[in-house]
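Asker: Residue numbers (my numbering), protein chains in the order written: chain H, 26 to 318; chain X, 60 to 326. Here a beta-carbon is modelled for each residue, glycine too, at the ideal position from N, C-alpha and C. There's a structure below that I have some questions on.
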Amino acid sequence: MTLDKRMSAAEVVAQLSDGMTLGIGGWGPRRKPMALVREILRSDLKDLTIVAYGGADVGMLCAAGKVRKVVFAFVSLDAIPLEPWFRKARETGQIDVLELDEGMFQWGLKAAAFQLPFLPTRVGLGTDLAELGGLKTVQSPYADGETLIAMPALRLDAALIHVNRSDWRGNVQVFGPDVYYDEWFARAATKSFVSCEELVDRMEDHYPDNAQANLFERCFVSGVVELPSGAHPSSMPPHYGWDMKAFKAYADAARDPGDWNAVKDRFVGATEADYLATFGGKEAVAALPLPIF
Amino acid sequence: MSDITLAELCIFACSEAFRGNGEIVATGVGPVPRLAAGLAKLTHSPELMMTDGECYLVEQPVPLGPRRYDDRKPAGYLPFSRFFDAAVWSGRRHAMVTPTQIDRFGQINLSYMGGTYRQPKTQMLGVRGFPGNTIHHPNSFFFPAHGPRVFVPGEVDMISGVGYNPAKRVAGGNYSAVNLRTIVTNLCVMDFQGPQNAIRVVSLHPGVTFEDVQAATGFALHRADTLPETPLPDAEALAIIASLDPHNIRSGVIKDNPVARPSEVTS
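Structure, rendered in structure tokens:
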């Protein structure tokens, strides 16, 4: 094997640096690379710009003072609609933001993936988004002459994504009913690091029949970390659902005591093994039922 | 039979917004809009498309609340990963949602209230998909508590959805798909068919007067030439609503879960 991209979570974080723009895959409380996020929370990394369909990933990084700016369309835990730690960071004026529509957001990732400066869209016209976010317009050069918003490319220095399976070379397989925009995070980033529930040496020797689940190509993968239960407390179908009890405890802690340093041991842990032990280990995570909508 | 509740009347009224929409995705966010979309599909508008709330298109609306994971029967697939391509930006959707604020132009807000962009007084969800929804496909609204904090004077704090405000229209932009349809509240049904798309009251729920609605609204409302009473759901509609909401989640939507037709006060 010459193309071995295996690394530890700490080695992933060692490749990141202060001030970077980081994309985080998943959607709200779903498919979040939380174990990699926790590894960032155990590090000295700071001044990050976070680009995410946000959930507890954004909340925790804000709470821990790791964030300079958030690029978002929402930050939510679904059943707990308002992410309390993000809310606190916003209401104290602690972070800069670029607020976008959900569709503009993926359009910006696509512009970055295609190495374009922007992609045109009608979305944002007639709202406060363009003015507040400093988005410019562009005029169609064709007969229609239409004025459109030029959605700038959301270029990522690195993307973090949690997948169901990968091999050593970064051939991923992604299952679950919805994969959101993970493939575009991967293609919009200079480097993408994937954590996975299951790691194999050569995908073709183990799961050749699932090749259609190869959501993005291995040229977009710089590092692979085996981290079973690595999305907890977010959901990772078909392996496990979200841990609403854990989310609730996390949300409650934003009010009482409301101090991240007082609770971070519980929600981050000194090591990933410590963290998982707090929530009953991999067996307990595997038993979390898939959410019903 | 128990009394018809105001929530059930609202579901019935909301379902009318989806009548004759054609083969588009009907999205109802929240219990009343979602039950309304399901009711529309199971009665007058079977051609409507809808999801199970996650990513599968279903031909049988999925009931609210706890059920078995595999109870849904997928007939198609519409995940978020292709939602903008297929449903939103193609205009093949009608969403009914509950923003935090709405103003006289139909501009809506879900992002933040008070303060500034840099430091809001109250951070809410974020604009989510509202900017794209409102410029690309029809939208309707349901509000369970009609009051001046929802129907605000002036303009909403952060314009998250396109309305009919001429001052916000960038010259040369294409606003042809902006199409705000129906507003259902706990007091009345309204549309945007007043002068210059002004909000207009078109029916009043039993026991409600136009003056009651106006007093609960932060801006001047137009009134339709005739103001009928909002119709009560019939027995078939009530049975369908009950089947789609076996845990009676609808009973928690409007404060105190009032009946649709308050008993006449006699003296």
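Under the rule that 16 or more other beta-carbon atoms within 10 Å means buried, what is residue 74(X), buried or exposed?
Answerer: buried
Asker: By Cβ distance, which residues of its chain are closer than 6 Å to residue 225(H), with the 5 residues on each side in sequence left out?
Answerer: 192 and 231
Asker: What ranges does the alpha helix (DSSP H) occupy inside the stretch 175–225 of chain H, keeping only unbroken runs of at least 4 residues that lie completely in it?
Answerer: 207–213
Asker: Answer yes if the stretch 169–182 of chain X comes into contact with the stretch 212–223 of chain X, meaning at least three C-beta pairs across the two stretches below 8 Å, and no otherwise.
Answerer: yes
Asker: Quick one: is residue 139(H) buried, meaning 16 or more other Cβ sit within 10 Å of its Cβ, or exposed?
Answerer: An exposed status is given to residue 139(H), since fewer than 16 other beta-carbon atoms sit within 10 Å of its beta-carbon.
Asker: Can you grab the Cα-Cα spacing for the pair residue 95(H) / residue 286(H), in whole Å?
Answerer: 21 Å
Asker: If I'm right that residue 207(X) touches residue 276(X) with Cβ under 8 Å, what's the distance once you round it to whole angstroms?
Answerer: 6 Å
Asker: Just to confirm the assignment: which complete beta strand (DSSP E) runs, minimum length 3, are found wholly within the stretch 111–176 of chain H?
Answerer: 121–124, 143–146 and 162–164
Asker: Which whole-angstrom value is the C-beta distance of residue 205(H) and residue 56(H), which I expect to be below 8 Å?
Answerer: For residue 205(H) against residue 56(H), the beta-carbon gap comes to about 6 Å, under 8 Å, which counts as contact.
Asker: Can you name, in chain order, every residue of its own chain whose Cβ lies under 7 Å from the Cβ of residue 60(X), other than the five neighbours on each side?
Answerer: Model confidence at residue 60(X) stands at a pLDDT of 45, short of 50, so the residue's coordinates are unreliable and nothing is read from them.
Asker: How about residue 200(X): is its C-beta nearer than 7 Å to some C-beta of chain H?
Answerer: no
Asker: Pull the bridge partners of residue 172(X) from the DSSP assignment, please.
Answerer: 181(X)
Asker: Could you work out which residues of chain H lie near residue 114(X), taking near to mean beta carbons separated by less than 8 Å?
Answerer: Those are 202 and 203, listed as they occur along chain H.
Asker: Between 91(X), 76(X) and 130(X), which lies nearest to residue 317(H) when the distance is taken from Cα to Cα?
Answerer: 130(X)
Asker: What residues from chain X crowd round residue 131(H), counting only those whose CB sits closer than 8 Å?
Answerer: 143
Asker: Examine chain X for any beta-carbon lying closer than 7 Å to the beta-carbon of residue 101(H), and answer yes or no.
Answerer: yes
Asker: Note down, in chain order, each residue of its chain lying with its Cβ closer than 7 Å to the Cβ of residue 236(X), except the 5 sequence neighbours on either side.
Answerer: In its chain, beyond the 5 residues on either side, 150, 194, 195 and 196 have a beta carbon closer than 7 Å to the beta carbon of residue 236(X).
Asker: Going by DSSP in three states, residue 4(X) sits in which element: helix, strand or coil?
Answerer: Because chain X in this structure spans residues 60 to 326, residue 4(X) falls outside the shown range and cannot be described.
Asker: Tell me where the alpha helix (DSSP H) around residue 262(X) begins and ends.
Answerer: Per DSSP, residue 262(X) belongs to no alpha helix (DSSP H); it is in the beta strand (DSSP E), 259–263.
Asker: What residues match up with residue 74(H) in a beta bridge as DSSP calls it?
Answerer: 46(H) and 94(H)
Asker: Counting only beta-carbon separations shorter than 7 Å, does residue 188(H) have a partner in chain X?
Answerer: no
Asker: What first and last residue would you give for the beta strand (DSSP E) that runs through residue 300(X)?
Answerer: No beta strand (DSSP E) contains residue 300(X), which is instead part of the alpha helix (DSSP H) from 294–303.
Asker: According to DSSP, simplified to helix, strand and coil, what is residue 283(H)?
Answerer: coil
Asker: Taking all protein chains shown into account, do 16 or more other C-beta atoms lie within 10 angstroms of the C-beta of residue 82(H), making it buried, or fewer, making it exposed?
Answerer: buried
Asker: Return helix, strand or coil for residue 152(X), following the three-state DSSP convention.
Answerer: strand
Asker: Are any of the Cβ atoms in chain H nearer than 7 Å to that of residue 190(X)?
Answerer: yes
Asker: Given a cut-off of 7 Å, decide if residue 146(H) and residue 162(H) are closer than it, judged by their beta-carbon atoms.
Answerer: no
Asker: Quick one: list the residues of chain H neighbouring residue 179(X), beta-carbon separation under 7 Å, in chain order.
Answerer: Close to residue 179(X), with beta-carbon spacing below 7 Å, are these residues of chain H in chain order: 115 and 116.
Asker: If you follow the beta strand (DSSP E) that residue 242(X) is in, where does it begin and where does it stop?
Answerer: 239–244
Asker: With which residues is residue 281(X) paired in a DSSP beta bridge?
Answerer: Residue pairing for residue 281(X): DSSP places it in a beta bridge opposite 259(X).
Asker: DSSP state of residue 381(X), grouped into three classes?
Answerer: Outside the displayed range of chain X (60 to 326) lies residue 381(X), so it cannot be described from this structure.
Asker: So, for residue 101(H): in the same chain, excluding its five sequence neighbours on each side, which residues have a beta-carbon less than 8 Å away from its beta-carbon?
Answerer: Once the five neighbours on either side are set aside, the close Cβ partners of residue 101(H) are 53, 54, 79, 80, 107 and 108.
Asker: Who are the neighbours of residue 148(H) on chain X, taking C-beta pairs under 7 Å?
Answerer: 190, 191 and 194
Asker: State yes or no: is the C-beta of residue 87(X) within less than 7 Å of the C-beta of residue 95(X)?
Answerer: yes
Asker: Report, in whole angstroms, the separation of the C-beta atoms of residue 158(X) and residue 312(X), which I expect to be a contact under 8 Å.
Answerer: Rounded to whole angstroms, the Cβ separation of residue 158(X) and residue 312(X) is 16 Å, and the two are not in contact under 8 Å.
Asker: Less than 7 Å between the beta carbons of residue 203(H) and residue 114(X), yes or no?
Answerer: yes
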